[in-house]
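These notes concern the structure reproduced below.
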Amino acid sequence: MSTARDQFGDVLQIQIEVLGMEPSDAKRLRALEYENGKLKKLLAEQMLDNAMLRDFNTKNGDACWEAVSGFSSVQSARCESAAGV
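Last residue of the sequence shown? That's 669 in this note's numbering, and every number before it is there in order.
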């Protein structure tokens, strides 16, 4: 069974042979691809966090609007204190 290191070496060898790269260029390319993958993951997590916050604010804003409209005095007090009113 091949290890990750063996597979990495195989990929480097293919890049060197097929693409005509120098070994240092192939290693740099792999490092950049790895970093790119990490950055994409961070971006996806950040976008998910933003979507969750946007959803929370939308729902919380609706609850505050209903409270201000007179549906619930407890929620109204909470929303006004959160808003600094």
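Cβ atoms here follow ideal geometry from the backbone N, Cα and C, with glycine treated the same way.
Check: Among 644, 638, 643 and 596, the one whose alpha carbon lies nearest that of residue 613; Outcome: 596
Check: Alpha carbon of residue 631 to alpha carbon of residue 623, nearest angstrom; Outcome: 12 Å
Check: Assigned exposure category for residue 607 - 16 Cβ within 10 Å defines buried; Outcome: exposed
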